[in-house]
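Shown next, in structure tokens, is the structure this report addresses.
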Amino acid sequence: MSLATETDVQELAEMTAMQLEQEKNMDFSDAIQQCKDKWSKDQRVETLFPLACLLIKSQNRKDLVQGIRLLQDIRVQPKTDSQMRFDCGYCIATGQFKLAEYGQAGDTVQELLAVQPDNKQVLALQQLIQNKLQQDGRLGLGIAAGVFAGAVLLGAVLMKGGKK
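Residues in the sequence shown are numbered from 1 upward in steps of one, following our numbering.
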């Protein structure tokens with residue numbers, strides 16, 4: 001990937017992170033209900049996909065899981081075209097990321113990149129996932145170091161207490 005492309009992907013990753021952060025303060029319940037009402041009258045992929053995408057935007061874990069399931073169902077239907085499959089995959093990966101299922105999100109992103117290796121939106125999501133994994137890894141190391149230091153301190157105190 002060229003330096004210009006890497007910069008573009010990094011900027012897009014930052015914009016995506018900001019968008020996901022802004023969505024935390026938004027209420028999608030009315031829009032979700034409208035899409036559910038529309039789906040109950042017209043059960044086609046064209047009405048189900050917007051509902052699934054709105055569920056992915058929700059902060060409610062139950063909505064996110066339902067949105068992922070709906071998108072997975074759309075994705076495997078024989079009549080679903082390749083672009084819709086791709087779009088479903090991107091939304092699935094976004095939902096998995098929001099659920100902190102970083103391994104699954106990474107796997108889904110890899111599937112998408114196998115189809116469209118230069119897709120900047122997917123590359124940006126991959127960058128967000130990698131950043132989160134690195135951040136969580138540092139946090140895990142910090143916790144492990146704290147536990148180790150506490151154990152050493154406790155051992156020293158116990159050893160000192162045993163010498164009296």
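Backbone N, C-alpha and C fix where the C-beta goes; we use that ideal spot for every residue, glycine too.
Throw me the rounded Cβ distance for the residue i and residue j pair, which I believe falls under 8 Å.
{"i": "K70", "j": "L48", "result": "Reading off the sequence shown, one finds Leu at residue 70, where the question assumed Lys. At roughly 6 Å, the Cβ-Cβ gap stays under 8 Å, so L70 and L48 are in contact."}
{"i": "L112", "j": "V122", "result": "5 Å"}
{"i": "G67", "j": "I56", "result": "4 Å"}
{"i": "I92", "j": "Q72", "result": "6 Å"}
{"i": "L54", "j": "F86", "result": "So it is not a contact: roughly 19 Å between Cβ atoms."}
Taking DSSP as the reference, what is the three-state secondary structure of residue i?
{"i": "Q130", "result": "helix"}
{"i": "K160", "result": "helix"}
{"i": "A93", "result": "helix"}
{"i": "R44", "result": "coil"}
{"i": "L125", "result": "helix"}
Which residue spans inside the segment 1 to 38 form an unbroken alpha helix (DSSP H) run of at least 4? With a minimum length of 4 residues, the unbroken runs of alpha helix (DSSP H) contained wholly in the segment 1 to 38 fall at 3 to 23.
Check whether the segment 75 to 83 and the segment 53 to 64 are in contact - that is, three or more C-beta pairs closer than 8 Å. Judged by pairs of C-beta atoms under 8 Å, the segment 75 to 83 does not touch the segment 53 to 64, as fewer than three such pairs exist.
Counting Cβ pairs, one atom from each stretch, are 3 or more of them under 8 Å apart for the segment 11 to 26 and the segment 124 to 134? yes
Quick check on the DSSP output: what are the complete alpha helix (DSSP H) runs of length 4 or more inside the segment 53 to 83, in order along the chain? Considered as a whole, the segment 53 to 83 harbours 61 to 76 as its complete alpha helix (DSSP H) runs of no fewer than 4 residues, in chain order.
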